[in-house]
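Each position in the sequence shown, counted from 1, maps to that position plus 81 in my numbering. Comments concern the structure below.
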Amino acid sequence: MQNMASVSIVGAAGYTGQETLDRVLAHPQLELVAIGSDSLAGQPATALDPRLNRNGGKRAPIFITNDAALACGADITFVCLPNERAAAIEPPARGVVIDLSGAHRFDDAEVYRRWYGFDHPRAGELGRWSYALPELVPPHGTLIANPGCYATAALLALGPLAGAIDPAGVVVDGKSGMTGAGKVPRPSMHAGAVLENISPYKVGVHQHAPEIAAHLGFDVTFVPHLLPVRRGLLATCYVRSGGAGLRALLEAHYADSPVVTVLPEGATPDLSRVRHTDAAEIALFDDGFTDRTIVICAVDNLGKGAAGQAVQNANLLFGFPEAAGLRLSGVLV
Ligand SMILES: NC(=O)C1=CN([C@@H]2O[C@H](COP(=O)(O)OP(=O)(O)OC[C@H]3O[C@@H](n4cnc5c(N)ncnc54)[C@H](OP(=O)(O)O)[C@@H]3O)[C@@H](O)[C@H]2O)C=CC1
Ligand SMILES: CC(=O)N[C@@H](CCC(=O)OP(=O)(O)O)C(=O)O
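Following this line, the structure appears as structure tokens:
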């Protein structure tokens with residue numbers, strides 16, 4: 082097993098790309114060799130953010146095109162591109178590729194037509210990729226599909242309970258900060274549309290509903306909402322117990338996890354404790370009026386929901402400490 086791995090980040094100038102870059106720079110066993118951005122190619126890393134190469138230290142190389150970053154022969158290539166652009170990539174012949182987009186999460190190309198709104202350009206190769214959510218589906222192979230942000234929170238909350246709850250009528254209510262929508266401005270992301278507002282969107286047609294269903298083994302009703310905050314995501318899940326002690330199942334499943342915490346009885350997950358981190362908090366409550374149980378998971382959409390999970394997957398694949406490079410400590414206000 083090697084002690085160091087070289088890293089290329091494709092789409093490094095987007096939100097998930099920049100967050101991946103930050104974790105790679107903090108990782109003692111990862112060496113950054115390439116950062117890709119079509120719009121910044123040829124420019125220094127400081128063109129993205131003056132904090133890079135701060136105080137004269139050369140922490141990041143100059144930008145190259147996304148195609149050049151893909152082809153540079155790194156041990157690990159993180160792909161942080163929009164779905165349709167990521168779907169078209171030819172994976173490099175060597176090393177491990179971790180795709181943070183949704184472009185390789187399903188074997189069935191029909192899912193892309195129905196839920197993502199495009200015909201997958203490399204449909205015949207989808208079977209080469211494997212979905213990896215470390216606490217539930219550990220990574221294996223060299224082509225890794227990193228989970229979606231809402232799907233991460235819903236699956237962390239419900240995955241360990243899947244065999245112990247009534248599969249009928251499960252409801253997942255999701256809420257995400259605006260960075261979940263990426264950096265490219267759109268009218269629906271304008272401050273005038275988002276601030277002092279909470280909007281449900283893609284109701285009944287969100288692409289994470291089939292992703293959640295694929296890994297639970299049954300369908301769920303999923304409704305996402307946009308919050309007027311920059312980052313952080315909550316999944317509030319409504320289920321009926323099949324009789325088993327659900328809290329004990331969750332506590333046992335996550336007992337050894339460096340990333341996921343099951344909160345003590347009565348404590349509620351809170352965006353402010355997971356924002357800017359790679360941690361997940363889960364809590365479980367019995368509904369005082371009905372026979373339902375409510376399971377809530379909080380993550381940062383850019384942390385455990387994207388870049389933190391991608392680095393965690395890389396760590397597991399290379400035999401590095403699972404939490405190396407991740408943001409898990411601190412009690413910041
Ligand atoms: N934001 C989030 O919380 C999460 C996002 N994801 C997924 O991760 C992927 C990346 O998301 P995110 O980082 O938020 O996206 P951003 O829009 O912030 O960044 C995308 C990057 O890809 C580059 N790019 C290359 N080709 C295109 C193109 N045709 N159109 C637009 N951009 C292009 C961009 O420009 P350039 O090359 O010029 O720099 C940009 O740097 C997406 O597939 C998203 O669904 C997954 C989980 C959470
Ligand atoms: C707030 C917001 O818009 N969030 C994005 C989630 C992005 C993501 O994780 O999804 P994919 O990787 O599957 O595209 C959305 O709802 O589409």
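Glycine included, C-beta positions come from ideal geometry on N, C-alpha and C.
Own chain partners of ALA213 with C-beta closer than 6 Å, once the 5 adjacent residues on each side are dropped: Excluding residues up to 5 positions away in sequence, PRO220, ILE225, ASN394 lie with their Cβ nearer than 6 Å to the Cβ of ALA213 in the same chain.
Subject >> Span separating the alpha-carbon of VAL427 from that of THR342 >> reply: Nothing in the structure corresponds to residue 427, since the chain is present only between 82 and 414.
| Between the C-alpha atoms of VAL252 and THR374, what's the straight-line distance to the nearest angstrom? | Cα to Cα, VAL252 sits roughly 11 Å from THR374.
Between THR127, GLY117, ASP254, which lies nearest to ALA155 when the distance is taken from Cα to Cα? The residue from THR127, GLY117, ASP254 with its alpha-carbon nearest to that of ALA155 is GLY117.
Quick check: does the Cβ of TYR231 come within less than 8 Å of any heavy atom belonging to ligand 2?
Result yes, Cβ under 8 Å from ligand 2.
Handout entry: Local conformation of ALA115 per DSSP, three classes
Key = Three-state result, ALA115: strand.
Which residue or residues does DSSP assign as beta-bridge partners of ARG373? Per the DSSP secondary-structure output, ARG373 pairs in a beta bridge with ARG321.
Tell me whether LYS423 sits in a helix, a strand or coil according to DSSP, three-state version. Residue coverage of the chain in this structure runs from 82 to 414, which leaves residue 423 outside it and unanswerable.
Item to check | C-alpha gap between PRO109 and ILE279, whole angstroms | outcome: Between the C-alpha atoms of PRO109 and ILE279 there is a straight-line separation of about 40 Å.
Exposed or buried, which one is TYR231 when buried takes at least 16 other CB atoms within 10 Å? Around the CB of TYR231, 16 or more other CB atoms lie within 10 Å, so the residue is classed as buried.
Q.
Can you check which of these residues, ARG166, ARG135, GLU216, ALA128, is closest to GLY421 by C-alpha distance?
A. The structure shown has nothing for residue 421, since the chain only spans 82 to 414.
Report task. On the DSSP bridge assignment, give the partners of HIS306 in chain order. Result -> Paired residue(s): LYS256, PRO281.
- Query: What do you reckon, is the C-beta of CYS378 under 8 Å from a heavy atom of ligand 1?
  - Reply: No - ligand 1 has no heavy atom lying nearer than 8 Å to the Cβ of CYS378.
**Asked** Does the Cβ of ALA379 have 16 or more other Cβ atoms within 10 Å, making it buried, or fewer, making it exposed?
**Response** Buried, by the Cβ-count rule.
_Contact test: GLU292 Cβ vs ligand 2 heavy atom, cutoff 8 Å_ = The answer is yes for GLU292.
Item to complete: Would you check whether ligand 1 has a heavy atom nearer than 8 Å to the C-beta of GLY263?
Response: Under cutoff, so the answer is yes.
| Excluding sequence positions up to five away, which residues of its chain have a Cβ less than 6 Å from the Cβ of VAL310? | The residues are GLY258.
| Could you give the C-beta distance for GLY176 and ILE157, rounded to a whole number, given that I count them as a contact under 8 Å? | Right, the Cβ-Cβ distance comes to about 6 Å (below 8 Å), so this counts as a contact.
(Q) Can you check which of these residues, GLY384, GLY285, ALA295, is closest to HIS306 by C-alpha distance? (A) It is GLY285.
If you follow the alpha helix (DSSP H) that LEU398 is part of, which residue opens it and which one closes it? Taken as a continuous stretch (DSSP letters only), the alpha helix (DSSP H) holding LEU398 covers 389-399.
| Counterpart residues of CYS378 in DSSP-defined beta bridges | The partner list for CYS378 (beta bridge, DSSP) reads ALA316, ILE363.
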